[in-house]
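**Q**
Protein chains: 2
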Amino acid sequence: MQTIGLIVAYDGTPFSGWQRQEGSRTIQGELENALSRINAMPTQVRGASRTDAGVHAEWQVAAFETPRNYAPERWVQAINATTPPEIMVRRAFVAPDFFQPRFASRGKHYRYLVWQGNFVPPHLVHRAARTRVLDVENMRRAAASLLGEHDFSAFRAIDCQAKSPVRTLTRLDISVSRPHFEYPCEDGGALIQFDVEGTAFLKQMVRIMVGTLIEFGTGRPSEEMAEILESRARVRAGQTAPACGLTLMRSFCDDAFGSVGSE
Amino acid sequence: MQTIGLIVAYDGTPFSGWQRQEGSRTIQGELENALSRINAMPTQVRGASRTDAGVHAEWQVAAFETPRNYAPERWVQAINATTPPEIMVRRAFVAPDFFQPRFASRGKHYRYLVWQGNFVPPHLVHRAARTRVLDVENMRRAAASLLGEHDFSAFRAIDCQAKSPVRTLTRLDISVSRPHFEYPCEDGGALIQFDVEGTAFLKQMVRIMVGTLIEFGTGRPSEEMAEILESRARVRAGQTAPACGLTLMRSFCDDAFGSVGSE
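Taken in order, these protein sequences are the chains called A and B. First residue of the first sequence? That's 0 in numbering that gives the first Met the number 0, and the numbers climb one at a time after it. First residue of the second sequence? That's 0 in numbering that gives the first Met the number 0, and the numbers climb one at a time after it.
1) Report the partner residues of residue 44/B according to the DSSP bridge assignment.
2) Just checking: is the beta-carbon of residue 255/A within a distance shorter than 8 Å of some beta-carbon in chain B?
3) Between 37/B, 30/B, 81/B, which has its C-alpha nearest residue 59/B's C-alpha?
4) Rounded to whole angstroms, what's the CA-CA distance from residue 143/B to residue 73/B? Just pull it up for me.
5) Where does residue 173/A fall in DSSP's three states?
6) Give the range of the beta strand (DSSP E) segment to which residue 62/B is assigned.
7) Can you find a C-beta in chain B that's less than 8 Å from the C-beta of residue 261/A?
8) Compare the beta carbon distance of residue 224/A and residue 215/A with 8 Å and say whether it is the shorter of the two.
9) Per the DSSP calculation, residue 197/B is bridged to which residue(s)?
10) Have a look at residue 45/B and residue 76/A and give me their C-alpha separation to the nearest angstrom.
11) Please report the distance separating the alpha-carbon of residue 257/A from that of residue 4/A.
12) For residue 51/A, which residues in the same chain have their Cβ closer than 7 Å to its Cβ, ignoring the five residues on either side in sequence?
13) Any beta carbon from chain A within less than 8 Å of residue 38/B's own beta carbon?
14) Give me the Cα-Cα distance between residue 244/B and residue 9/B, rounded to the nearest whole angstrom.
15) Quick check on residue 257/B: does DSSP put it in helix, strand or coil?
16) Taking the alpha-carbon of residue 95/A as reference, which of 54/A, 167/A, 63/A has the nearest alpha-carbon?
17) Compare the Cα-Cα distances from residue 179/A to each of 57/B, 213/B, 36/B, 111/B and report the closest residue.
18) Between which residues of its own chain and residue 2/B is the CB-CB distance below 7 Å, once the five residues before and five after are set aside?
19) In chain order, what residues of the same chain lie with their CB nearer than 8 Å to the CB of residue 278/B, ignoring the 5 residues before and after it?
20) Residue 157/B and residue 231/B - do their beta-carbons sit closer together than 8 Å?
21) Leaving out five residues before and five after residue 108/A in sequence, what residues of the same chain have Cβ atoms less than 6 Å from its Cβ?
22) What residues of chain B sit near residue 79/A, judged by a beta carbon separation below 9 Å?
23) Mind pulling the chain B residues with CB within less than 9 Å of residue 75/A?
24) The beta strand (DSSP E) spanning residue 248/A covers which residue range?
25) Give me whichever residues DSSP pairs with residue 190/B in a beta bridge.
26) Under 8 Å between C-beta atoms, does residue 227/A make it to chain B?
27) Grab the span of the alpha helix (DSSP H) containing residue 228/A for me, first residue to last.
28) What would DSSP say about residue 122/B, mapped onto helix, strand or coil?
29) Near residue 101/B, which residues of its chain fall below 6 Å by C-beta distance, leaving aside the five closest residues on each side in sequence?
30) Any Cβ of chain A within less than 8 Å of the Cβ of residue 8/B?
31) Just list the residues that DSSP pairs residue 87/B with in beta bridges.
32) Go through its chain and collect everything with a Cβ distance to residue 117/A's Cβ below 7 Å, but skip five positions before and after it.
33) Spatial neighbours of residue 37/A within its chain, please: CB distance less than 6 Å, with the 5 preceding and 5 following residues excluded, ordered by chain position.
34) In chain B, what lies closer than 8 Å to residue 180/A by C-beta?
35) Under 8 Å, do residue 6/A and residue 121/B count as touching if we go by C-beta distance?
36) Taking 8 Å as the CB-CB cut-off, is residue 157/A touching chain B?
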């Protein structure tokens, strides 16, 4: 048996998240169905991140075992020919035996898109959440308090299973782009992009951080972000932003495992 | 009664095209359902372009009659609150009585997207057709023969109803952009964009032109484009490119009608 690693991209819209569930279409389930057929034996797939229903990915890392001795390019062809078009294997590679993407992960980059306008543009309906006009400078001031190593208890889902709530946030950039066309909105519409990087994340941490930052965009004083963090209380933070705005841009895996994550 | 003009954008994926059809979801049908409810009377909607099933629009022009005296912004709110999220009214305006967008149209800009790679990226599955690596320079040489006023009989659907096959093409630009991520393809993948403008178009003219240009991208000598045009024979041109790659970027209407089409 050989362990094969995969770099996978997907549009999360038609799926009930990464994790296999009986009776639901999931990304792990679709990959396992395809690989069980190709391998002619039941095949399990392990992923670096369990993305929620509706969350997208550009660079998820996954792995499985196989008795077949295919070249990496043949795996790319075979899997892409068998899975739905919303799932794409970018690259396959021979991995160390029983390679575990979750434990090899040394960091992740998530991107969250928010549409500032009265209605989300049709081509972004499943890609962006919606807000009214935001004070981006105030959001940036509040975001600065989140950088570095902190106890992120205020920014985790109530059912988060992680043993330690301490995580290190290395990047939280907020950028604004104006579309070519005007949209119904007092400022003509804009796309706001949150780029978040860290060594690891708690359950729904990015979506809770974005939902909280949006409150700072609509008037909450930026000093309060440090207080939310110190309180360690989920109720002090904002709402969880919708899943559809989130994309796992990159799951960085340890260089020892086939230089995964390098471009 | 007052005539109201609309600028409409839509993602064509879930619809059976613009034109109303019993038992199918169409853009005209969804707008007429919404407006009949708002007007509390049966309301017909006229459009500048009858886009095919799966074709998208950024700037379609439409019009309808109403007994209501709403301000333009109120029409934008009321229609967008009633139609599916894949349809968006950008702007409403008071139009001349019985304004006919089709006859007021003085030109159109279409964009066609082709993904050069083995598989279309998940987020572009409903936005781009797929091809292998193309010779863009040869396509540009062939495209030059199509500019200007010609009999475009070779580039019209067999059931096209237009009386004259003569049209004027004012722009046919082909541009290539490289995505941030690598994709399965010998050249790493690329997005090819065809920007086509003209005073008016025959049925499926843009899709047949793109399908033909792709043949020039895979080896047909560029001189043959002039021969196809002169032959006036649909069989000499290439296949009709898939609908999902096409977007109506702009329907330019006469300035006399409320400066529609100006940004």
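All C-beta atoms in this analysis are idealised placements derived from N, C-alpha and C, irrespective of residue type, glycine included.
**A** Well, looking at it:
1) Numbered from 1 along the second sequence, position 45 holds the residue referred to as residue 44/B. According to DSSP, which records beta bridges pairwise, residue 44/B is partnered with nothing at all.
2) What you label residue 255/A is simply residue 256 of the first sequence in a count that begins at 1. Caution applies to residue 255/A, whose pLDDT of 46 falls short of 50 and renders its modelled position unreliable; the value that the coordinates give is listed next. No, residue 255/A does not count as interfacial toward chain B.
3) By 1-based counting over the second sequence, the position of residue 59/B is 60. Residue 30/B is the option with its Cα nearest to residue 59/B.
4) In the second sequence, residue 143/B corresponds to position 144, counting from 1. In the second sequence, residue 73/B corresponds to position 74, counting from 1. Each residue's Cα considered, the two are about 45 Å apart.
5) Here the question's residue 173/A lines up with position 174 in the first sequence. Here residue 173/A sits in strand by DSSP.
6) Counted from its first residue, the second sequence places residue 62/B at position 63. DSSP places residue 62/B inside the beta strand (DSSP E), whose first and last residues are 55–65.
7) Here residue 261/A refers to the residue found at position 262 when the first sequence is read from its first residue. Summary for residue 261/A: the model assigns pLDDT 45, below 50, so the residue's position carries little reliability, and this model does not support an answer.
8) Position 225 of the first sequence, counting from 1, holds the residue named residue 224/A. Position 216 of the first sequence, counting from 1, holds the residue named residue 215/A. Yes, the Cβ-Cβ distance between residue 224/A and residue 215/A is below 8 Å.
9) Within the second sequence, residue 197/B is the residue found at index 198, counting from 1. Paired residues: 107/B, 168/B.
10) Along the second sequence, one-based indexing puts residue 45/B at 46. Along the first sequence, one-based indexing puts residue 76/A at 77. C-alpha separation (whole angstroms): 46 Å.
11) In the first sequence, residue 257/A corresponds to position 258, counting from 1. In the first sequence, residue 4/A corresponds to position 5, counting from 1. Note that residue 257/A scores a pLDDT of 48, beneath 50, so its modelled location is shaky; the value from the coordinates is reported in the next line. In a straight line, the C-alpha of residue 257/A is about 9 Å away from that of residue 4/A.
12) In the first sequence, the residue the question calls residue 51/A occupies position 52. Closer than 7 Å at Cβ, skipping near neighbours: 16, 242.
13) In the second sequence, counting from the first residue as 1, residue 38/B sits at position 39. Chain A contact via Cβ: absent.
14) For the purposes of this step, residue 244/B is taken as residue 245 along the second sequence, with counting starting at 1. For the purposes of this step, residue 9/B is taken as residue 10 along the second sequence, with counting starting at 1. Cα to Cα, residue 244/B sits roughly 14 Å from residue 9/B.
15) Looking up residue 257/B in the second sequence gives position 258. Only weak support exists for where residue 257/B lies, its pLDDT of 48 falling under 50; the coordinates are left without a value.
16) In the first sequence, residue 95/A corresponds to position 96, counting from 1. For residue 95/A, the nearest C-alpha among the options comes from 63/A.
17) Counting from one through the first sequence, the residue named residue 179/A turns up at place 180. Nearest of 57/B, 213/B, 36/B, 111/B to residue 179/A, Cα basis: 57/B.
18) Within the second sequence, the letter at position 3 stands for residue 2/B. Once the five neighbours on either side are set aside, the close Cβ partners of residue 2/B are 62, 64, 94, 95, 96, 97, 98.
19) Nothing in the structure corresponds to residue 278/B, since chain B is present only between 0 and 262.
20) The count along the second sequence starts at 1 and reaches residue 231/B at position 232. The count along the second sequence starts at 1 and reaches residue 157/B at position 158. Residue 231/B is not a Cβ neighbour of residue 157/B, given a cutoff of 8 Å.
21) Walking along the first sequence from the start, residue 108/A turns up at place 109. The answer, listed in chain order, is 196, 248, 249.
22) Numbered from its first residue, the first sequence carries residue 79/A at position 80. Result: 117, 118, 183.
23) Counting from one through the first sequence, the residue named residue 75/A turns up at place 76. The contacting residues are 117, 118, 183.
24) Here residue 248/A refers to the residue found at position 249 of the first sequence. For residue 248/A, the enclosing beta strand (DSSP E) stretches over residues 245–252.
25) Indexing the second sequence from 1 puts residue 190/B at position 191. DSSP, once it has assigned bridges, lists 114/B, 176/B as partnering residue 190/B.
26) As a position in the first sequence, residue 227/A is number 228, starting the count at 1. Contact of residue 227/A with chain B is not assigned, every C-beta pair being separated by 8 Å or more.
27) On the first sequence, residue 228/A is found 229 positions in, with the first residue counted as 1. Where residue 228/A is concerned, the enclosing alpha helix (DSSP H) stretches over 223–230.
28) Working through the second sequence from its first residue, we reach residue 122/B at position 123. Three-state result, residue 122/B: helix.
29) Translated into positions along the second sequence, residue 101/B becomes position 102. Here the set comprises 47.
30) Along the second sequence, one-based indexing puts residue 8/B at 9. With 8 Å as the cut-off, residue 8/B counts as an interface residue toward chain A.
31) Walking along the second sequence from the start, residue 87/B turns up at place 88. Paired residues: 8/B.
32) Within the first sequence, the letter at position 118 stands for residue 117/A. Around residue 117/A: 183, 184.
33) Here residue 37/A is taken as the residue at index 38 of the first sequence, counted from 1. Contacts found: 77.
34) Position 181 of the first sequence, counting from 1, holds the residue named residue 180/A. In chain order: 8, 57, 58, 89, 262.
35) As a working note, residue 6/A is residue 7 in the first sequence. As a working note, residue 121/B is residue 122 in the second sequence. Contact flag unset, no.
36) The residue given as residue 157/A occupies position 158 in the first sequence. Output row for residue 157/A: interface = no.
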